[in-house]
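Here's the structure, in structure tokens; my notes come after.
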RNA sequence: GGCCCGUUCGUCUAGGGGUUAGGACGCGUCCCUUUCACGGACGAAACACGGGUUCGAUUCCCGUACGGGCUACCA
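Residue numbers (our numbering): 839 to 1344.
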């Protein structure tokens, strides 16, 4: 029988979760939901020196905002495999048990080398023109460890509490094969793998040991992670093997990376594309740096995850705008690409625009009201709702609305020079003053009727240039449909604006 | 440098031994329009290169180039 699908997202709380991490979480989530399985959040906080305050909370909040909610784990209600924080699991002695088992089986050993000694070893190897200096089956023989020291000596050192690590004893020359769901078979020779540290001198496990122990204990069925883990996968295979768990290990799937838009390297915390790299605002109190989030930039979480899902995956047909349910339904690892995908800021904006257009005017107004308030703009809901109807076609984000239509809230003080230079002449003042008077006599102030009034005025006064009227009333050359705009602003306001504009014109 | 992974329009991608190599973003032109948009139509734009295998290769194999990842008592 197939194992129940149980996958985990296991970030380390070393900073804000950036969008590459969000995508890894998303793919795990999609796979779990597709198969009716479990999605777990585990916190890999084994590096105490890199722990950042607030990072864990950020991760939880970011996943919540994205709608990528674990059904088990830190911040989402503990489950049967608690605790889900590795620091807490370490306190329970979980990892040491496995490390001891490896040592007892002759597959791991104690190493007492100091940082200086390790440094010296690397320098020595470099000087000897060794291509890849590492702690391995060859170099370990020149170091101070339980393979080179006598049993008595080792015991003495351990009893004296000498700082030491536990390392994996990787064989000298052995072919390691493993299957990746996305990439197929991968073969690496063990000579390329170093003797990885399993237990650090502070007693904490490294990622390599910890994730294996936890994946086994938590009955994880698939380890889905970024491609940056591919090179260490052979070492992981060895650990499972030496633990006698090779048949119980999760299936592996290494996701392609998200690359920078300009093409060089994987996405970093900061990018010049102008779009955020983080789901939510993030302030790093260590460095004092802050980063804007997708949420605060006016993105919808549906748009964000839709975009992310299509970066490296596709449903096999031409669909692009998909609900989360549709994505889940269509999701398979077979349709995940092998190659890295460059992040495309333009298309990302387009995704949000598509979702923006799906909202009705009442929903948009409800979203816009607090933004207006924060800008100190007072406007009533009815006005704002109509404003949304007019302006939404031009926007990608709700928080562009105000800037795109400031003149709906503040009368213009200046007027587009280009349009005036091209279209305003010595007769204009007389013509548009007459138009102003005609409008002033008009009581049926609707878009439709204003359209008729303009046509009649054009016939009577000579051509009324609609763009000129637009500039007189709004100050700018572009904007929503003119008559809708006049209708919304209202007769009183339009009169005021025309009077002011005409007083400024020659 | 070494090891691993990858390579279809500028970008995200579909496809796959014989196709006019399809879609989307962006870009351009036109239509609609007395303004501004939306919208519609059309267009430019890709199989990295070299060898095989084959009647035939963009598709399979091998090299090369290029790109990416890893190379810590970080994850």
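Note that beta-carbon positions come from the ideal geometry of N, C-alpha and C, so glycine has one too.
I'd like to know whether the C-beta atoms of residue i and residue j end up nearer to each other than 9 Å.
i            : j            : result
residue 1173 : residue 1153 : yes
residue 844  : residue 870  : yes
residue 1206 : residue 1239 : yes
residue 1048 : residue 1088 : no
residue 1306 : residue 1270 : yes
residue 1249 : residue 1124 : no
residue 1159 : residue 1144 : yes
residue 1090 : residue 1071 : yes
residue 1024 : residue 1015 : yes
residue 1037 : residue 933  : yes
residue 884  : residue 1043 : yes
residue 972  : residue 1033 : yes
residue 786  : residue 848  : Only positions 839 to 1344 of the chain appear in this structure, which leaves residue 786 out of reach.
residue 1333 : residue 1265 : no
residue 1187 : residue 1113 : yes
residue 1068 : residue 1018 : yes
Specify the secondary structure class of residue i as computed by DSSP and reduced to three states.
i            : result
residue 866  : helix
residue 1027 : strand
residue 877  : strand
residue 946  : strand
residue 1188 : helix
residue 983  : strand
residue 1181 : coil
residue 1060 : strand
residue 1159 : coil
residue 1314 : coil
residue 1143 : helix
residue 785  : The chain is shown only over 839 to 1344; residue 785 falls outside these bounds and no answer can be derived.
residue 1096 : strand
residue 1239 : helix
residue 1006 : strand
residue 1253 : coil
residue 872  : helix
residue 841  : coil
residue 1104 : strand
residue 896  : helix
residue 1302 : coil
residue 933  : helix
residue 1081 : coil
residue 1343 : coil
residue 1206 : helix
residue 953  : helix
residue 1330 : helix
residue 960  : helix
Since residue i sits in a beta bridge, which residues does DSSP pair it with?
i            : result
residue 1127 : 1122
residue 1043 : 1037
residue 1018 : 1022, 1090
residue 847  : 879
residue 910  : 878
residue 1320 : Its beta-bridge partners do not exist; DSSP assigns none.
residue 1151 : 1174
residue 923  : 881
residue 1116 : 1131
residue 1013 : 1027
Between residue i and residue j, how many whole angstroms is the CB-CB distance? I'm expecting something under 8 Å.
i            : j            : result
residue 1300 : residue 1308 : Not a contact, Cβ separation roughly 18 Å.
residue 1096 : residue 1169 : Actually they are not in contact, since the Cβ atoms of residue 1096 and residue 1169 sit about 18 Å apart, beyond 8 Å.
residue 842  : residue 866  : Not confirmed; about 15 Å, so no contact.
residue 1131 : residue 1119 : 4 Å
residue 1006 : residue 1076 : 7 Å
residue 1107 : residue 856  : 6 Å
residue 860  : residue 1149 : Actually they do not touch by this definition, with Cβ atoms about 11 Å apart.
Would the stretch 1256-1275 count as touching the stretch 1220-1235 if we require 3 or more Cβ pairs under 8 Å? Not touching, per the Cβ criterion.
I'd like to know if the stretch 869-881 and the stretch 893-908 are in contact, where contact means that at least 3 CB-CB pairs between them fall below 8 Å. Contact annotation: the stretch 869-881 touches the stretch 893-908, with at least three C-beta pairs closer than 8 Å.
So does the stretch 1052-1059 actually touch the stretch 1025-1032, counting three or more Cβ pairs closer than 8 Å?
With the cut-off at 8 Å, the stretch 1052-1059 and the stretch 1025-1032 do not touch.
- Determine contact between the stretch 1159-1177 and the stretch 1211-1229, defined as no fewer than three beta-carbon pairs at a distance below 8 Å. With a cut-off of 8 Å, the stretch 1211-1229 and the stretch 1159-1177 do not count as touching, because too few Cβ pairs lie within range.
Query - Inter-stretch contact (C-beta, 8 Å, three-pair minimum) for the stretch 1271-1286 and the stretch 1320-1334 - result: The stretch 1271-1286 vs the stretch 1320-1334: in contact.
TODO: Count the C-beta pairs between the stretch 1135-1142 and the stretch 1186-1197 that are closer than 8 Å, then say yes if the count reaches three, no if not.
DONE: With a cut-off of 8 Å, the stretch 1186-1197 and the stretch 1135-1142 count as touching, because enough Cβ pairs lie within range.
Is it a yes or a no for the stretch 982-989 touching the stretch 949-967, going by three-plus beta-carbon pairs under 8 Å?
The stretch 982-989, when compared against the stretch 949-967, does touch it at the 8 Å Cβ threshold.
Exercise for review: Taking 8 Å as the threshold, find out whether the stretch 910-927 comes into contact with the stretch 964-982 through three or more Cβ pairs.
Suggested key: Cβ pair count under 8 Å is below three, so no.
- Is the stretch 888-899 touching the stretch 929-945, taking contact as three or more C-beta pairs under 8 Å? No contact exists between the stretch 888-899 and the stretch 929-945.
Worksheet item: Given 8 Å as the limit, is there contact between the stretch 992-1003 and the stretch 940-949, that is, 3 or more CB pairs closer than that?
Response: Counting Cβ pairs under 8 Å, three or more are found: they touch.
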